[in-house]
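**Student:**
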Amino acid sequence: MKFKILMGFILCWGYICNAQTLTPSVVASSGNLGFNEGVSLGWTVGQPVIETISNPILTLTQGFQQGGSNGKQISGLFRYNNTQLTALDSVKIVLTINGNRLDSVYTNTSGYFQFSGVVPGNYRLTAYSGKPWLGVNATDAIKIQRHFAGMELLTVPIRLLAADVNNSNSINATDGIKVKRRFSGIDNSFLRGDWTFSKTTGGDTIVMSNSNVSQDFQGLCVGDVNGSNVPAPGDYIQNHVVIVSEGSIDVMPGQEFNVPLNATQDMSVSAISLVIPISQDYLQVESVEVKSGSPVFSILNGQLRIAWSELDPIILKAGQPLITVKLRATEQFTTTQLINLQATSESEIADEYGEGISLVTLSSYTISMLNLTGLNPSTSLVSSVNVFPNPAKDMVKLSLQLSQPAIAEIRMMDELGNLVHVLGQHALKTGNNEISINLQNRCSGIYYFRIDLAIKDQTIQFVKKFVILQ
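Using the numbering used here, the letters of the sequence shown correspond one by one to residues 103 to 572.
Pasting the structure below:
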C-alpha cells in the first residue's frame, strides 16, 4: 500500500513539473507563433483562440485572447511653397472619411500636425488658414498669362491650384485679369478663396493601411503663383463676421424698412451669433427674422444681440439673406446721417458641426435719408427708393415704396448727364415696386437714374446714382 501511494505521488509531481515548464513558452509567444517540444501556439491579434498543448504524458487545452490595435497615425508638415519653404503654423486641418468629419487639429509652430488612433481607410484632409492674403500682384498675372500661352508652364500642383483663382478648373487670361482687379482694389475676393492647399504631389486624399502615414502638404495664397509671400507666424483662424455695404437704402423719419444681411458665399449654417451696434437715437429695432426658426434678440447697451441655432442647417447660396432686420427710422434721423451696420468681434457663424466658419462676409445697405428733388420731406407719398446691387454688373433693380399708385418715367444717364437709355413709363402700385434693368451691354462707369413720378396731381423728380462694374 505504501508503495502505491509513493508511485502516485511521483506521477502527480511529474505532471506538475511538466505544466510549469510549459508556461514560459506560452507567455513568450504571445501574439505570434512559437514552438518548443510538444508545444505549438498561434492566433490572430484581437481574436479569441483555443490551443492544445500536449506531450507524451500530458494534454492541456487553454484559451487565449489578445487585445486589438489602437490605430495608426497620420502626420506631416505644412509649408508655404516659396523659396524658404516657410513653416505654416496655425493651419486648421479637418480629417474626413466619406464626407463625414472625424477630427480636426491645428499645425504647431513648425507646421507639424498629427492625427492619432486612425484605422485603415481612405481619408481626406482639408486645410484652412486665417493668415492674411498677401504676395499677389501683376507679376503673378503675367505668370498666369505666360502659362496660358504655353511660354512658361506651371507644373507644381499647388501653383496650378493657386493660378485658377476663379475655381473654373482651367487656367486662362480671365484668371490673370481677376488677379489685377483684386490687386487694384476693384475686386475683394476670389471664388477659390484666399488660401489653397494640397499634398506635395497634388490632391488631398490619404490612404491608410496598417502602418503610420507621413504626408507633407503645401499652401499658397490664391494667385501667388510665383511664391513671393513669406507668411508670418501666428494668426489662428478667427471666426469673425464682416458686414460690407453694397448699395444704399433711402428712408424717411418714422418709416419702417427691412435691412437684409446677405451671404456673399455659399454656406451651411446651424448657429448665428451676431452683435451689431445700433444708434437708438436714429434707429429702432422692430423685429429680426431668419429663414428657419425664431431667433432670440435684444438691445443691450446700444447693441443688437442676436442668437439662433437649429440642428437642421440653413443652406444658403451667395446673395441670399441670412438674417433680415426690420428697423424704424426715428424723427431724429436727418439728411446728415449715413449708417452702416457693423459686427463686433463677438459675432460668429457656425456650420452644422458646430464649427465656426472663418471670415464670413455679409453684405447689406448703407442707410441714409431719402432725398428727392422737389419733394416736401413731410410728404408720405414716397417711403423709399433703392438701387441694388450697387455696384451692379449684368442686372440692377430699382425699388420704390409708395403709399399711392403712380406712373414712373425712368431715364438712364451717364456721368456727364448724357441720355443713355429711356426705360419708358411704368405703372406702379401701392406698396413695394421692383423694376429690373438689364445692364449686359453697358460699359463700366458711373450712371444715374432720373425718375419722374406722377402721383395724383403732382410730379416728383429725383435722381439715383449707381455704378456698373463689368
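Ideal placement from N, C-alpha and C gives every residue a C-beta, glycine not left out.
Report the residue from GLY547, SER396, THR426 whose alpha carbon sits nearest the alpha carbon of PRO493.
**Tutor:** Measuring from the Cα of PRO493, the nearest candidate turns out to be GLY547.
**Student:** Using the C-alpha atoms, what's the distance from ASN312 back to ALA275?
**Tutor:** Whole-angstrom Cα-Cα distance: 46 Å.
**Student:** Looking at the unbroken alpha helix (DSSP H) that takes in LYS280, where does it start and where does it end?
**Tutor:** Start and end: 275-286.
**Student:** In angstroms with no decimal places, state the Cα-to-Cα distance between ILE537 and ALA420.
**Tutor:** Rounded to whole angstroms, ILE537 to ALA420 spans 22 Å at the Cα level.
**Student:** Give the straight-line distance between the Cα atoms of ILE195 and GLY458, rounded to the nearest whole angstrom.
**Tutor:** Distance between the alpha carbons of ILE195 and GLY458 is about 13 Å.
**Student:** What is the C-beta distance between PRO259 and SER231, in whole angstroms, given that I count them as a contact (C-beta under 8 Å)?
**Tutor:** At roughly 18 Å, the Cβ-Cβ gap does not stay under 8 Å, so PRO259 and SER231 are not in contact.
**Student:** Excluding sequence positions up to five away, which residues of its chain have a Cβ less than 6 Å from the Cβ of SER400?
**Tutor:** If we look at SER400 and ignore the five residues flanking it on each side, its Cβ neighbours are ARG407.
**Student:** Suppose you measure from the CA of GLY213 to the CA of GLU454; what does that come to, to the nearest Å?
**Tutor:** Distance between the alpha carbons of GLY213 and GLU454 is about 28 Å.
**Student:** Which residues does DSSP pair with ALA334 in a beta bridge?
**Tutor:** According to DSSP, ALA334 bridges with nothing at all.
**Student:** What does the alpha-carbon distance come out to for the pair THR532 and ASN488?
**Tutor:** Using only the alpha carbons, I get a separation of about 16 Å.
**Student:** Using the beta-carbon count (16 or more within 10 Å), is LEU440 buried or exposed?
**Tutor:** Label assigned to LEU440: exposed.
**Student:** Excluding the 5 residues preceding and the 5 following ASN534 in the sequence, name in chain order all residues of the same chain whose CB lies nearer than 7 Å to its CB.
**Tutor:** SER501, GLN503, listed in sequence order.
**Student:** Roughly how many angstroms lie between the CA atoms of ARG430 and SER470, to the nearest whole one?
**Tutor:** If you take the alpha carbons of ARG430 and SER470, they lie about 12 Å apart.
**Student:** Within the same chain, show all residues whose beta-carbon is closer than 7 Å to that of GLN149, passing over the 5 residues directly before and after it, in chain order.
**Tutor:** Its pLDDT being 40, under 50, GLN149 is placed unreliably in this model, and the value from its coordinates should be taken loosely. Excluding sequence neighbours, GLN149 sits near nothing in its chain.
**Student:** Grouping DSSP H, G and I as helix and E and B as strand, with all else coil, what is PRO362?
**Tutor:** Here PRO362 sits in strand by DSSP.
**Student:** Please determine, among ASP289, PHE359, PHE180, SER466, the residue with the shortest C-alpha to C-alpha distance to VAL344.
**Tutor:** VAL344 has its Cα closest to that of SER466, out of ASP289, PHE359, PHE180, SER466.
**Student:** Under 8 Å between the Cβ atoms of PHE285 and VAL238?
**Tutor:** Contact flag set, yes.
**Student:** Please look up how many angstroms separate the CB atoms of ARG294 and ASN269, rounded, as I've assumed it's under 8 Å.
**Tutor:** Sure, about 4 Å apart at Cβ, within 8 Å.
**Student:** Figure out for me which residue from LEU255, ILE378, VAL346 has the closest Cα to the Cα of ASN364.
**Tutor:** For ASN364, the nearest C-alpha among the options comes from VAL346.
**Student:** Measuring only the C-alpha atoms, how far is ASP516 from ASP368?
**Tutor:** Answer to the nearest angstrom: the Cα atoms are 34 Å apart.
**Student:** Shorter than 8 Å from the beta carbon of VAL315 to some beta carbon of chain D?
**Tutor:** In the structure shown, chain D cannot be found, because there is only a single protein chain.
**Student:** Could you name the residues that DSSP lists as bridge partners for PRO379?
**Tutor:** Looking at the DSSP assignment, PRO379 forms a beta bridge with GLN405.
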